[in-house]
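Encoded as structure tokens, the structure appears first; notes follow it.
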Amino acid sequence: MAHNRDQVTEAFELFDSDGDGYLLVSEVASAIRALGHILTDADVKNLLSKSGIDPSRGSRVDINKFRQMHGSLPPQNYTRQLEEAFKTVDKDGSGYVMATELKHLLTNMGDKLSNDDFTTLLEELDIDSNGRIQFKEFVRLLTAR
Numbered sequence: 001m002a003h004n005r006d007q008v009t010e011a012f013e014l015f016d017s018d019g020d021g022y023l024l025v026s027e028v029a030s031a032i033r034a035l036g037h038i039l040t041d042a043d044v045k046n047l048l049s050k051s052g053i054d055p056s057r058g059s060r061v062d063i064n065k066f067r068q069m070h071g072s073l074p075p076q077n078y079t080r081q082l083e084e085a086f087k088t089v090d091k092d093g094s095g096y097v098m099a100t101e102l103k104h105l106l107t108n109m110g111d112k113l114s115n116d117d118f119t120t121l122l123e124e125l126d127i128d129s130n131g132r133i134q135f136k137e138f139v140r141l142l143t144a145r
């Protein structure tokens with residue numbers, strides 16, 4: 001994909017698997033999520049409905065409608081998303097997580113990191129003497145990239 005294209009166009013083209021200039025309703029959710037939005041299936045149905053698209057009628061979405069749908073979403077808050085992910089392993093709300101728990105989360109769930117990538121990340125994190133990583137440090141590192 002050309003570097004002068006915006007991310008919305010790139011995501012659209014990536015998921016327009018047959019290159020006909022349209023996304024199937026089933027592809028819209030994947031394309032929106034690829035742009036970093038965390039949406040439930042119900043959120044996607046609501047988004048489609050607000051855009052006048054009826055998934056039950058085999059509707060398709062062109063680039064203009066896709067851009068309109070994406071534009072109606074609130075801006076991504078990466079810090080909040082990271083906080084939610086961190087809370088899944090910081091059960092007691094201490095603001096810390098064990099490095100071993102974070103490794104399990106990042107190498108086994110969602111977009112998995114390889115063990116090598118996690119080791120590289122770990123080298124940049126400040127781990128205390130108890131093997132814990134502070135949430136603020138985790139966010140600082142990941143949002144600085």
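With the first letter of the sequence shown counted as 1, position 51 gets the number 51 in the UniProt record's numbering; the numbers rise by one all the way through.
Think of the CB as a built atom: it goes at the ideal place given N, C-alpha and C, for glycine as much as any other residue.
Being a predicted model, the structure only gives us computed values, none of them experimental.
Check: Nearest to T79 by CA position, among S72, I38, A99, S49, is which residue?; Outcome: I38
Check: Would you mind working out which of M69, Q76, R57 sits nearest V44, comparing C-alpha positions?; Outcome: M69
Check: For A11 versus A42, is the C-beta spacing smaller than 7 Å?; Outcome: no
Check: Mind reading off the beta-carbon distance from L105 to T88? Whole number of angstroms is fine, and I expect it under 8 Å.; Outcome: 7 Å
Check: Taking the DSSP output, what are the residues bridged to I53?; Outcome: Answer is none; I53 lacks a bridge partner.
Check: Identify whether V97 lies in helix, strand or coil by the three-state DSSP scheme.; Outcome: strand
Check: Please determine, among D92, L35, G131, the residue with the shortest C-alpha to C-alpha distance to G71.; Outcome: L35
Check: Please confirm whether A85 and G131 have their CB atoms less than 7 Å apart.; Outcome: no
Check: Looking at I133: is its Cβ nearer than 7 Å to the Cβ of L125?; Outcome: yes
Check: Take G58 as the anchor and find which of Y22, D90, G93, L73 has the nearest alpha-carbon.; Outcome: Y22
Check: Taking the beta carbon of L14 as the centre, do at least 16 other beta carbons fall within 10 Å, making it buried, or is it exposed?; Outcome: exposed
Check: Ignore the nearest five residues each way along the sequence and tell me which others in V28's own chain have a CB closer than 6 Å to its CB.; Outcome: V61
Check: Which same chain residues, not among the five before or five after F138, have their C-beta less than 6 Å away from its C-beta?; Outcome: none
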